[in-house]
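Numbering-wise (the working numbering), the sequence shown opens with residue 9 and increments by one.
A virtual CB, placed ideally from N, CA and C, is assigned to each residue, including glycine.
This report concerns only the one structure given below.
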Amino acid sequence: MVTDATLTSTPASSAPLSSTPASLEGAIAARRLRHLSEIGLALSAERDIRRLLMMILSASRELTTSDGGTLYIVEKSPGGEKNLFFRASQNDSITVDTSMSFAVSTSSLAGYAAMKGEIMRFDDVYHLDESKDYKFNRKFDDDHGYRTKSVLIVPLKDHNSEVIGVLQLINRKRRREILLRDAETVESEVVPFDDEMLELAETLASQAAVALNNTLLLQEIEELFEALVVAASSAIEDRDPSTSGHSRRVTSLTLALAQAVNETDEGPFREAYFSPAQMKELRYAALLHDFGKIGVRENVLVKSHKIEPARFEAVQNRILALRGQWQNDAARAQLAILRDSTLPDTAKNAAIDAIENETNGRVVQLDTDLKTVTALNDPTMDPLPNDAWEEALRTLERLLQLNYTTPDGDVLPVLQPDEHLALQVRRGTLTQDEFRQIQDHAQMSYEFLKQIPWTTPLEKVPIIARSHHERSDGSGYPQGLTAAEIPTGAKLMAIADVYDALTASDRPYKRAMAPERAIQILGFEAKAGKIDPDALKIFVEKGIWKLAGE
């Protein structure tokens with residue numbers, strides 16, 4: 009249905025623009041048909057929503073010789089109400105830079121067209137039938153010193169006949185090159201949108217609606233997938249609160265480093281370039297680089313101490329129980345000596361003193377050993393010098409040989425073998441077996457991520473995510489790749505990952521390292537041939553590392 013408010017007082021409303029021979033009209037029609045076909049192909053190929061909207065506007069204005077045009081998109085508010093959002097505008101005669109939104113209602117012509125789903129055509133919007141529900145808002149004209157006269161409004165509908173947008177064309181001109189800078193020019197040059205223009209606009213709007221709907225659907229899918237990626241990344245970090253924010257920070261650092269690589273014009277990276285699609289691929293890989301930790305046992309993933317606090321308390325209690333037993337045994341032995349009437353007093357005193365001295369010596373040693381293992385179980389303790397470390401190992405061996413007796417009479421070791429093994433870890437909290445389980449997360453990330461049917465622009469996400477622990481000299485994991493085999497994005501991510509791990513302040517098993525010290529360690533890694541020195545140079549010189557604190 010077309011709402012047509014043609015004014016008979018406008019001379020041009022009932023006459024063609026010119027008298028055209030039939031053969032020329034046929035040629036013009038054929039050219040327009042070809043043009044519409046070309047436009048349709050172009051619209052169907054465009055995936056950027058902003059460029060698509062501008063393309064729709066440009067094509068519509070060109071076909072109808074309109075001075076200006078606006079595209080509105082229908083969007084729902086959180087409450088479910090439909091609103092029209094001003095998304096694109098063009099005008100030959102004035103500069104338009106505005107944004108607005110309004111309800112789908114009779115308060116505006118575009119809102120009415122969206123509400124009713126009807127094409128609307130007006131020869132002069134300043135002279136509307138006051139009996140109608142709709143009205144024209146002159147605020148835009150007043151604000152911009154413009155005169156809107158002829159208007160054509162075409163709703164854009166999807167395959168379910170739902171209005172998804174509104175195309176509004178204003179001031180069809182006799183001559184495209186004329187600028188409408190005053191009322192006189194508007195009166196002489198602006199003509200109504202005739203049936204032919206309406207048909208052209210309707211045809212183009214139909215093509216535009218299909219393209220716009222496809223693009224909006226694709227955008228919704230991408231937004232949904234984006235939300236799923238972020239949610240997956242957050243879910244992994246929620247398993248280990250101590251690393252909360254790590255994936256986000258690594259992503260920020262990695263993308264900033266990739267952008268800096270794009271901007272460099274010297275060194276090995278001068279020819280490197282990450283396209284927008286590759287930047288998105290790298291972003292997803294960075295967000296999901298630790299996704300494989302979903303397969304790591306929680307007691308290993310969140311292990312904050314070599315022996316977890318609850319169990320270490322049991323170790324301490326065993327040592328204290330043994331201490332008490334020694335003292336009780338000594339007291340009983342001393343009492344037995346006192347009761348022995350065959351011994352002279354001097355012998356009794358000597359024996360009691362000997363027991364006292366021996367027991368005190370053993371207790372003092374045990375107390376010292378308890379302090380040693382307590383310190384060993386503190387993950388933030390600075391690494392011991394070699395001599396002190398050797399002495400600590402001897403302490404562990406000594407405790408391993410000790411037994412205590414439970415109240416039930418069971419004789420049990422003070423230090424169990426797995427506890428002994430855990431306390432022998434010199435750095436961090438993980439035993440070799442537990443560390444291998446953590447290392448497995450890189451391969452598990454790949455195994456999980458490769459099950460996702462990634463589109464072609466994102467197909468390397470699993471490979472990049474898997475490779476962030478690879479090292480240029482082949483010493484990394486899980487595949488032991490060398491420099492030439494490691495994806496460039498993974499080389500950048502490796503630097504970001506190590507830097508954040510060193511400087512993060514939320515790890516209970518270590519102190520946060522100063523940025524300068526972390527950069528120094530990265531420098532050592534580069535000199536040792538483990539990380540890319542040229543990427544590290546950009547990371548440092550461009551101040552990328554500073555983003556970790558933001």
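>> Measuring alpha carbon to alpha carbon, tell me which residue in LYS124, GLU399, ALA191 and VAL159 is nearest LYS165.
In response: Nearest C-alpha to LYS165: LYS124.
>> Taking the beta strand (DSSP E) that VAL422 belongs to, which residues open and close that run?
In response: VAL422 -> no beta strand (DSSP E), and no H or E assigned at all.
> Taking the C-alpha atoms as reference points, what is the distance between THR223 and ILE315?
Replying inline: The straight-line gap from Cα to Cα measures roughly 55 Å.
> Does DSSP put ASP75 in a helix, in a strand, or in coil?
Replying inline: Note: ASP75 maps to strand in three-state DSSP.
> For PHE320, which of helix, strand or coil comes out of DSSP?
Replying inline: Collapsing the DSSP output to three states places PHE320 in a helix.
> With which residues is PHE93 paired in a DSSP beta bridge?
Replying inline: In the DSSP assignment, PHE93 forms a beta bridge with ILE81 and SER109.
> When you compare each of GLU467, PRO465, LEU466 and GLY488 to HIS476 by their alpha carbons, which one comes out closest?
Replying inline: Closest by alpha carbon: GLY488.
> Is GLY173 helix, strand or coil by DSSP?
Replying inline: In the three-state reduction of the DSSP assignment, GLY173 falls in the strand class, which pools E and B.
> Helix, strand or coil: how does DSSP classify ILE178 here?
Replying inline: Reduced to three states, the DSSP call for ILE178 is strand.
> Quick one: what's LEU160 bridged to in DSSP?
Replying inline: Bridge partners of LEU160 according to DSSP: ARG129 and LEU177.
> Could you give the residue range of the alpha helix (DSSP H) that holds THR259?
Replying inline: 254-271 is the span of the alpha helix (DSSP H), which, as asked, contains THR259.
> Nearest-angstrom Cα distance between ALA122 and SER242?
Replying inline: Rounded to the nearest angstrom, the two C-alpha atoms are 40 Å apart.
> For MET454, which three-state DSSP category applies?
Replying inline: It is Tyr, not Met, that sits at residue 454 in the sequence shown. It is helical.
> Three-state secondary structure (DSSP) at TYR485?
Replying inline: It is coil, neither helix nor strand.
> VAL548 by DSSP, collapsed to three states: which one?
Replying inline: Of the three classes helix, strand and coil, the one that applies to VAL548 here is helix, per DSSP.
>> Assuming TYR292 is part of the alpha helix (DSSP H), what are its boundary residues?
In response: Counting along the chain, the alpha helix (DSSP H) containing TYR292 begins and ends at 284-295.
>> Tell me the rounded alpha-carbon separation between PRO317 and SER283.
In response: Approximately 49 Å between the Cα atoms of the pair.
> By the 10 Å Cβ neighbour count, where 16 or more other Cβ atoms means buried, how is GLY300 classified, buried or exposed?
Replying inline: GLY300 should be labelled buried.
> Using CA coordinates, which residue listed in THR367, LEU420 and GLY332 is at the minimum distance from GLN342?
Replying inline: When the alpha-carbon of GLN342 is set against those of THR367, LEU420 and GLY332, the nearest one is in THR367.
>> Contact defined as beta carbons within less than 8 Å: I believe ALA239 pairs with LEU175. What is the distance between those atoms, to the nearest angstrom?
In response: Rounded, the Cβ-Cβ distance is 36 Å, inconsistent with contact.
> Taking C-alpha atoms, which residue in THR262, VAL308, SER115 and GLU524 lies nearest to ALA543?
Replying inline: Closest by alpha carbon: THR262.
>> Restricting to Cα atoms, I'd like to know which of ALA509, LEU79 and ALA504 is closest to GLY551.
In response: Here the closest residue by C-alpha is ALA504.
>> With a threshold of 7 Å on Cβ separation, who are the neighbours of THR511 within its own chain once the five nearest residues in sequence on each side are excluded?
In response: The residues ALA520, MET521, PRO523, ALA526 and ALA556, in chain order, have a CB closer than 7 Å to that of THR511 in the same chain once the five nearest residues on each side in sequence are set aside.
> Can you tell me where the alpha helix (DSSP H) with ASN394 in it begins and where it stops?
Replying inline: Per DSSP, ASN394 belongs to the alpha helix (DSSP H) from 394-408.
> Going straight from the alpha carbon of MET287 to that of THR259, what length do you get?
Replying inline: So the alpha carbons of these two residues sit roughly 11 Å apart.
> Closest to GLN440 by CA distance: which of SER453, ASP426 and MET452 is it?
Replying inline: It is ASP426.
> With C-beta atoms as the reference, is GLU197 less than 8 Å away from ARG184?
Replying inline: With respect to the 8 Å criterion, GLU197 and ARG184 are not classified as neighbours on the basis of their beta carbons.
> First and last residue of the alpha helix (DSSP H) that includes TYR412?
Replying inline: Membership of TYR412 in any alpha helix (DSSP H) is not indicated; the residue belongs instead to the beta strand (DSSP E) covering 411-413.
> Of all the alpha helix (DSSP H) runs that stay within the bounds of the stretch 494-524, which reach a length of 4 or more residues?
Replying inline: Segments of the alpha helix (DSSP H) lying fully in the stretch 494-524: 496-511.
> Leaving out five residues before and five after LEU290 in sequence, what residues of the same chain have Cβ atoms less than 8 Å from its Cβ?
Replying inline: For LEU290, the CB contacts under 8 Å within the same chain, skipping 5 residues up- and downstream, are THR262, LEU263, ALA266, PHE282, ILE472, GLY497, LEU500 and MET501 in chain order.
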